[in-house]
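Below is one structure, written out as structure tokens, with a few remarks after it.
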Amino acid sequence: MSNVTNLDAHLQYGGHHVLTFDIAPEFDGWSFSHYSATSAFYVPLTQINLEFQNLWRFQMTGHKGREISIHDVLEAVHKHSRNTLRREHISSLSRDQLNAAGRAYDVRIRQQQTGFEPLPMIVLDCLGRNTKFLGLSLKAQDPTTWIVHFGPPSS
Numbered sequence: 034m035s036n037v038t039n040l041d042a043h044l045q046y047g048g049h050h051v052l053t054f055d056i057a058p059e060f061d062g063w064s065f066s067h068y069s070a071t072s073a074f075y076v077p078l079t080q081i082n083l084e085f086q087n088l089w090r091f092q093m094t095g096h097k098g099r100e101i102s103i104h105d106v107l108e109a110v111h112k113h114s115r116n117t118l119r120r121e122h123i124s125s126l127s128r129d130q131l132n133a134a135g136r137a138y139d140v141r142i143r144q145q146q147t148g149f150e151p152l153p154m155i156v157l158d159c160l161g162r163n164t165k166f167l168g169l170s171l172k173a174q175d176p177t178t179w180i181v182h183f184g185p186p187s188s
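Shown next, in the form of structure tokens:
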């Protein structure tokens, strides 16, 4: 995985063919289901690291240990955005990032039916208004990590 040409054009940040979508709504996996059989990388990989906007990273693998498909990447990005924030996530945020995450959380819980149980703060809240997936780019000096880029839904 030495350069970005290894990445399928549908996932390349800044590319003309990148599949963009807003991760804030619930995932409509069916809209990308036809990419389940399309490898995300020209040299098939079964495991990579994805990093959310230089905040933290997580490891993903292909479905059932198979090579990673475009659908796998999009689904992993969406699922990770729904993970509850852990203490190490919160402690890695600056005061401004934490305040922005708090505002995004407040907006999100006002829009959802909460019942009696309070909703936790999730990774999505840390993205603030930048919830549109814009693609991946290879992290400099780390050929095993891809940075996930986001922007405002209108971009």
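Numbering (my numbering), first residue to last: 34 to 188.
For every residue, glycine included, the Cβ atom is placed at its ideal position computed from N, Cα and C.
Contact test: residue i Cβ vs the ligand GDP heavy atom, cutoff 7 Å
i	result
Ser-64	Here there are no bound small molecules, and the ligand GDP is not part of this structure.
Inter-residue Cα distance where the pair is residue i and residue j
i	j	result
Phe-54	Pro-151	28 Å
His-182	Ser-102	18 Å
Pro-186	Val-76	31 Å
Arg-136	Arg-120	18 Å
Thr-71	His-50	14 Å
Ile-56	Leu-157	8 Å
Leu-52	Pro-58	16 Å
His-81	Leu-40	The sequence given here has Ile at residue 81, not His. Going by the C-alpha atoms only, they are around 12 Å apart.
Exposed unless 16 or more other CB atoms sit within 10 angstroms - verdict on residue i
i	result
Gln-174	exposed
Glu-108	buried
Asp-129	exposed
Arg-90	buried
Asp-105	buried
Asn-36	Summary for Asn-36: the model assigns pLDDT 48, below 50, so the residue's position carries little reliability; its value from the coordinates is reported in the next sentence. Asn-36 comes out exposed.
His-113	buried
Gly-98	exposed
Asn-163	buried
Gly-95	buried
Asp-139	exposed
Test: residue i CB closer than 8 Å to a CB of chain D
i	result
Thr-164	In the displayed structure, chain D is absent; only one protein chain is listed.
Check whether residue i and residue j have beta carbons under 8 Å apart
i	j	result
Leu-88	Ser-125	yes
Ile-142	Asn-116	no
Leu-78	Val-110	no
Leu-167	Trp-179	no
Tyr-46	Leu-169	yes
Element boundaries [beta strand (DSSP E), containing residue i]
i	result
Gln-92	89-94
Ser-170	165-171
Val-181	178-184
Host alpha helix (DSSP H) of residue i (start-end)
i	result
Asn-82	Where Asn-82 is concerned, there is no enclosing alpha helix (DSSP H), although the beta strand (DSSP E) it sits in stretches over 80-85.
Ser-114	103-114
Tyr-138	128-144
Ile-123	120-124
Leu-157	156-159
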